[in-house]
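Colleague:
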Amino acid sequence: METMHPDVEKVLFSEEDIANMVKRLGAQISEDYKGKDLVLIAVLRGAVVFMGDLMRAIDTDLAIDFMAVSSYGNGTKSSGTVRIIKDLDIDIKDRDVLIVEDILDSGLTLKYLMANLVSRGPASLEVCTFLWKDVEGKQAAIDPKYVGTHCPDEFVVGYGLDYAEHYRNLPYVGILKPEVYA
Ligand code: XMP
Ligand code: MG
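Per this note's numbering, the sequence shown runs over residues 1 to 182.
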């Protein structure tokens, strides 16, 4: 196993675990979108690492684009009210769109985003999320077609996910030591 960052209490998913998930998702997506007009849309900034790996695991023709959104909330909880900071550069009308997300928590951010994208008339619209957080007693507002893995209801970092913009570059996903938040 890779050397752990001193702020990380526990590694949830190793580099190898992640590589296997990406390989599996890539193979599935390649099969499902063969011959289609696939556009991957990643939500900045957390999804960039996953996007970079996932697109290279897909062996059918595709285009990529990015969106940046800001959700009005307290930083670790999403409010569902979303503002588009950076919009798409390409037209998605009649194309097969797959949103690439780092982590699905309440799903409120994605629910808003999907309603916005649907209004642009894509041929299809699905979600591929790297992590799906199991939130006790609550159901996510959306149901992703592709999921890397479920994760516990803890604040996780690494593989694109940050705490105050740190730890995005860790090649694994981990849980921070509680004292880091203090
Ligand atoms: P919702 O609740 O709208 O929120 O699905 C999804 C967004 O919230 C952020 N988020 C996290 N970021 N570690 C992070 O680094 C986490 O454990 C975490 N949980 C939620 C993330 O931006 C995601 O897109
Ligand atoms: Mg995000």
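All residues carry an ideal CB built from backbone N, CA and C; glycine is no exception.
All values reported here derive from a predicted model rather than from experimental measurement.
Given 6 Å as the limit, tell me if Asp-153 has its C-beta closer than that to any heavy atom belonging to the ligand XMP.
Modeller: Within the sequence shown, numbered from 1, the residue matching residue 153 stands at position 153. No, Cβ of Asp-153 sits at least 6 Å from all heavy atoms of the ligand XMP.
Colleague: Considering only the alpha carbon of each residue, which of Met-4, Tyr-146 and Asp-153 lies closest to Val-127?
Modeller: In the sequence shown, the residue the question calls residue 127 occupies position 127. Ranking the options by Cα distance to Val-127, first place goes to Tyr-146.
Colleague: Who are Val-48's beta bridge partners in DSSP?
Modeller: As a first step, residue 48 is located in the sequence shown; it is residue number 48 there, counting from the start. Partner(s): none; Val-48 has no beta bridge.
Colleague: Exposed or buried, which one is Ile-29 when buried takes at least 16 other CB atoms within 10 Å?
Modeller: For the purposes of this step, residue 29 is taken as residue 29 along the sequence shown, with counting starting at 1. Counting Cβ neighbours within 10 Å, Ile-29 comes out buried, since at least 16 surround it.
Colleague: I'd like to check one pair, Ile-175 with Leu-131: are the Cβ atoms closer than 7 Å?
Modeller: Working through the sequence shown from its first residue, we reach residue 131 at position 131. Working through the sequence shown from its first residue, we reach residue 175 at position 175. No. Outside cutoff.
Colleague: May I have the straight-line CA-CA distance separating Ile-18 from Phe-50, to the nearest angstrom?
Modeller: Translated into the one-based positions of the sequence shown, residue 18 becomes position 18. Translated into the one-based positions of the sequence shown, residue 50 becomes position 50. One alpha carbon belongs to Ile-18, the other to Phe-50, and they sit about 9 Å apart.
Colleague: What distance in whole Å lies between the Cβ atoms of Ile-92 and Leu-117, which are believed to be in contact at a cut-off of 8 Å?
Modeller: Within the sequence shown, numbered from 1, the residue matching residue 117 stands at position 117. Within the sequence shown, numbered from 1, the residue matching residue 92 stands at position 92. 7 Å between Cβ atoms; contact.
Colleague: So, for Asp-7: in the same chain, excluding its five sequence neighbours on each side, which residues have a beta-carbon less than 7 Å away from its beta-carbon?
Modeller: Against the sequence shown, residue 7 aligns to sequence position 7. Correct list, in chain order: Leu-176, Lys-177 and Val-180.
Colleague: With distances taken from CA atoms, which of Tyr-163, Lys-133, Asn-169 and Arg-168 is nearest Pro-152?
Modeller: On the sequence shown, residue 152 is found 152 positions in, with the first residue counted as 1. Looking at the Cα atoms, Lys-133 is the closest of the given residues.
Colleague: So does Asp-105 have its beta carbon nearer than 6 Å to some heavy atom of the ligand COA?
Modeller: Judged by which ligands are present, the ligand COA is missing from the structure shown, whose ligands are the ligand XMP and the ligand MG.
Colleague: Could you give the residue range of the beta strand (DSSP E) that holds Gly-148?
Modeller: Walking along the sequence shown from the start, residue 148 turns up at place 148. 146-151 is the extent of the beta strand (DSSP E) around Gly-148.
Colleague: Out of curiosity, what's the CA-to-CA distance linking Gly-107 and Ala-141?
Modeller: Counting from one through the sequence shown, the residue named residue 107 turns up at place 107. Counting from one through the sequence shown, the residue named residue 141 turns up at place 141. Answer to the nearest angstrom: the Cα atoms are 5 Å apart.
Colleague: Going by the CB atoms, is the gap between Arg-120 and Asp-37 shorter than 7 Å?
Modeller: Taking the first residue of the sequence shown as 1, we reach residue 37 at position 37. Taking the first residue of the sequence shown as 1, we reach residue 120 at position 120. It is not a contact, given that the beta carbons lie outside the stated cut-off.
Colleague: Using only alpha-carbon positions, find the residue among Ala-123, Leu-12, Thr-129 and Ile-41 that is nearest to Ile-90.
Modeller: Locating residue 90 in the sequence shown gives position 90, where the first residue counts as 1. The candidate whose alpha carbon is nearest that of Ile-90 is Ile-41.
Colleague: Below 7 Å CB to CB, which residues in the same chain sit around Leu-170 once its five sequence neighbours on both sides are set aside?
Modeller: Along the sequence shown, read from residue 1 onward, the residue named residue 170 stands at position 170. The answer, listed in chain order, is His-5, Val-157, Gly-158 and Tyr-159.
Colleague: Count the other C-beta atoms from every protein chain shown that fall within 10 angstroms of the C-beta of Thr-3, then say buried if there are 16 or more, exposed otherwise.
Modeller: The residue you call residue 3 lines up with position 3 of the sequence shown. Thr-3 is exposed by the Cβ-count criterion.
Colleague: Exposed or buried, which one is Ala-47 when buried takes at least 16 other CB atoms within 10 Å?
Modeller: Position 47 of the sequence shown, counted from the first residue, corresponds to residue 47. Buried, by the Cβ-count rule.
Colleague: Is Leu-40 near the ligand XMP, going by C-beta to nearest heavy atom under 6 Å?
Modeller: Your numbering for residue 40 matches position 40 in the sequence shown. Every heavy atom of the ligand XMP is 6 Å or more from the Cβ of Leu-40, so no.
Colleague: For Thr-129, write down the residues that DSSP places opposite it in a beta bridge.
Modeller: If you number the sequence shown from 1, residue 129 lands on position 129. Answer is Glu-101 and Val-147.
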